[in-house]
Amino acid sequence: MLIAQISDPHIRPQGQLYQGVVDSNAMFSAAVQHLNGLDPRPDLVLLTGDIVDHGDPTEYAMARALLAVLQIPYLVIPGNHDERRAFCTAFADQAYLPRGDGPLHYVVDDRGPVRIVALDVTIPGQHHGLVDGPAIAWLDEVLSAAPDRPTILMLHQPPFATGIPYMDPYWCEGGEALAALIHRFPNVERITCGHVHRFMQLRFGGTALCTAPSTTTTIALQLQPDAKPASYLEPPAFLLHHWRVETGLITHHCPIGTFQGPYPFA
């Protein structure tokens with residue numbers, strides 16, 4: 261099973277630039293076309309939040325128009341830049357999304373051998389996230405229901421401090437409780453997040469956790485305590501999670517674009 265993951269496209273209204281610098285809509289369109297052209301084509305696409313930049317209905321209309329070109333089924337979760345009610349309205353046709361005003365947790369287990377569990381850790385009006393008691397209880401019940409099924413857990417804000425000083429105030433709180441829960445379920449093959457506009461990986465809760473790059477700007481890798489917020493126009497990228505029974509889940513970091521090659525081995 262092949263699962264692509266794209267994140268943090270920050271879609272803007274027609275003609276407006278993201279951060280006044282880049283055409284995030286065009287970059288997302290290029291990402292969609294890139295996914296459509298993959299061979300083999302992924303079975304599923306995960307979109308891990310910050311679909312739009314300001315939670316505006318016009319941005320969501322643009323996002324849906326760009327996603328209409330995607331020829332692969334997708335699952336979506338909100339990020340801190342999304343507005344929950346507008347998000348739910350825009351994606352009302354996505355049957356896996358829960359109805360109501362609460363967190364958008366859900367499970368999708370009919371798309372292949374890997375089960376997808378989405379945990380909505382966003383807090384309306386805030387940029388940091390939280391795994392609270394009700395979220396832990398919900399996730400415990402879900403994981404306990406299928407303890408042998410290979411599972412990917414996706415959320416937006418990562419539940420660890422990255423070391424980038426201007427990003428860490430906006431992490432996901434409650435990571436210790438989440439890690440303790442995940443330790444009980446070795447079938448969780450991967451925890452994957454967005455939010456930080458960079459690829460990172462670490463061991464968390466006895467499994468592998470990674471963050472996806474953005475389809476737009478890349479957060480600068482600045483580890484100095486007094487570093488100022490900054491981003492770069494590095495090549496946008498996505499993650500490709502490849503499930504094989506004999507090896508488990510392999511995650512590839514894939515740049516988006518056309519590059520020189522391929523060259524045969526000498």
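Numbering (our numbering), first residue to last: 261 to 526.
Think of the CB as a built atom: it goes at the ideal place given N, C-alpha and C, for glycine as much as any other residue.
- Looking at the DSSP output, T452 shares a beta bridge with M414 and C470.
- Judged by beta-carbon spacing, A468 lies within the 7 Å limit of R450, meaning their Cβ atoms are closer than that value.
- The way I'd put it, the segment 277 to 284 doesn't touch the segment 314 to 334; fewer than three beta-carbon pairs between them come closer than 8 Å.
- Of D408, E401 and H416, the smallest CA-CA separation from R375 is found for D408.
- Here Q293 carries a helix assignment [DSSP, helix/strand/coil].
- Beyond the five residues adjoining it in sequence on each side, G309 comes within less than 7 Å, by CB distance, of S267, D268, I337, P338, G339, D342, H416, G454 and H455 in the same chain, given in chain order.
- Between the alpha carbons of V402 and L493 lies a distance of about 39 Å.
- Using a Cβ distance threshold of 7 Å, I479 and H457 count as a contacting pair.
- It is roughly 8 Å from the alpha-carbon of H314 to the alpha-carbon of R272.
- Residue pairing from DSSP places Q265 in a beta bridge opposite L306 and L499.
- Counting along the chain, the unbroken beta strand (DSSP E) around A378 starts and ends at R375 to A378.
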